[in-house]
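Asks: Mind looking over this structure? Questions follow.
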Amino acid sequence: MSATLSPSSTPDLAASPGRRAPRHVHEIDLLRLLTFASVIAVHVLSFSVPGSPVGWYGADSLLHFTRQVFFGLTSFVLVYGYLKRPRPMSDFWPRRFLLVGVPYVVWTFVYVLFGWLTSNAIGNVPNLVESFSSDLFTGNAKYHLYFLLVTMQVYLLVPGLVFLARRTLRTQVIVMAIAFALQIVILWMFAYSKNPFGPLTGYTEALFPTDIFPIVGGAVAGAHSAAFLDWVRRRRGVVLTIVLLAAGLTLGVYVLQLTLGQSPETASTEMQPVEVVWSAAAGIGLLTIGSIWADRRRDGSRTSTLISWASDRSFGIYLVHPLVISVILLGHWFVDWIPGPLRFPVMYVMVIVIAATTSDLLRRTVVSMPFTGRPFAGRRFARER
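In the working numbering, the protein residues as written are 823 to 1207.
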């Protein structure tokens, strides 16, 4: 689709001057960082907790909001930015796919190569090529790369999301209700049926319908960002109540699953249907925290500078952190040296520090774009110094 979409009737955004650069939504910065921190916690938890303790996996069920919040945030930012500054899809798509597609290819190869070098297949080059080709298509090179595949699917959906954003609020609510019901059905089938989608079952997590509700909801929120953010600010008590009720519901379902014979790991998976409700509540809750910070932030303050720095590096941290976890787990030194109760906090701090340092170093090199999805920051860093 090469033509710019038609003028909007959405009062919050498209009624404003279309060529003006979109306001930076500082509320989103802290939401993004807290979500990235939580997804790293989920992955560290999976590899650092011995056995299957009920309590740890109960906490894990509350951390699994990250997946859907990611896609809701992605949809919000895309629609918000597009409605404020429309442009042809022939310009929008190449840039977006470059920023995500190239790092996806690069990191798929990195993780395939790492697996190849640390396995019995080392030296078998055809095996390396075959694994890379297969994982590039499926997103299975590492457990977090599906996110980039779904993100690129969301990019393809932008014309439809913008079209929806320009409909009446009544139409948007109806579509959101349909998306909610559809996702509940998909997750229910995935969690409780054997091979529910035939040959597509193994790829369900990497296909956008699995996250259709946050994608649609994020688009609607982005179209009505002013009213939405104003509601969050005025109804912080209501948001807190929603979060507590949703957390209670999620933990209740988790306990129910245990009583029905599910393992703690299965009962806490992000593919449980209740996660649709909890993820929406958690996302609004984190956005409320972001709004409190945004209202108090001062340009140039240490906190503002730190959050801006971390937000800039967050995608690189996300891409590299599973590699850090894998390196830490090489051999048995970590398990031998660190007592069981301390493994999660120790590994978490190690992963955050090493991944953040690695992402920062990559941002200052000429390979920043393919490895972090961000342009080379060396010159800007030099000016800031």
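For each residue, glycine too, the CB sits at the ideal point set by N, CA and C.
Keep in mind that this is a model prediction, so the values were computed, not measured.
Please give the ranges of any alpha helix (DSSP H) in the stretch 1057-1119, keeping only runs that are unbroken, at least 4 residues long and fully inside the region.
Replies: 1058-1081, 1086-1089 and 1096-1118
Asks: For L1009, which three-state DSSP category applies?
Replies: Helix at L1009.
Asks: Using 10 angstroms around the beta-carbon of Y938, count the other beta-carbons present and answer buried if the total reaches 16, otherwise exposed.
Replies: Strictly speaking, residue 938 in this sequence is Trp, with Tyr absent from that position. Buried.
Asks: Please go through the same chain and pick out, in chain order, the residues whose beta-carbon is closer than 6 angstroms to the beta-carbon of L970, but skip the five residues on each side of it.
Replies: V922 and Y926
Asks: Can you tell me whether G1083 is buried or exposed, with buried defined as 16 or more other CB within 10 angstroms of its CB?
Replies: exposed
Asks: Would you report the Cα separation of V932 and L958, rounded to the nearest angstrom?
Replies: 11 angstroms
Asks: Excluding sequence positions up to five away, which residues of its chain have a Cβ less than 6 angstroms from the Cβ of Y980?
Replies: Reading the sequence as shown, one finds Val at residue 980 and not Tyr. Shown here for V980: same chain residues with a beta carbon closer than 6 angstroms to its own, the five before and five after excluded, namely L900 in chain order.
Asks: Are the stretch 1052-1062 and the stretch 982-1002 touching by the rule of at least three beta carbon pairs closer than 8 angstroms?
Replies: no
Asks: Between which residues of its own chain and A943 is the CB-CB distance below 7 angstroms, once the five residues before and five after are set aside?
Replies: Around A943: N949.
Asks: For V876, tell me which candidate among L1071, I1174, R1124 and T1081 has the shortest Cα-Cα distance.
Replies: T1081
Asks: Would the beta-carbon of S883 fall within 7 angstroms of that of Y1076?
Replies: yes
Asks: Might you give, ordered along the chain, the residues of its own chain that have their beta carbon closer than 6 angstroms to the beta carbon of H1143, omitting 5 neighbours on each side?
Replies: The beta carbon of H1143 lies closer than 6 angstroms to those of I862, V1173 and A1177 in the same chain, with the five residues before and after it left out.
Asks: In three-state DSSP terms, what is I1034?
Replies: helix
Asks: To the nearest angstrom, how far is it from the Cα of F936 to the Cα of H1046?
Replies: 44 angstroms
Asks: Does the distance from the C-beta atom of R1055 to that of S1113 stay below 7 angstroms?
Replies: yes
Asks: Give a yes or no on whether the C-beta atoms belonging to W1211 and A1049 are separated by under 7 angstroms.
Replies: No answer is possible for residue 1211: it lies beyond the span of the chain, which begins at 823 and ends at 1207.
Asks: May I have the straight-line CA-CA distance separating T960 from G880, to the nearest angstrom?
Replies: 29 angstroms
Asks: In terms of alpha-carbon separation, which member of S1181, S1148 and L983 lies closest to G1039?
Replies: L983
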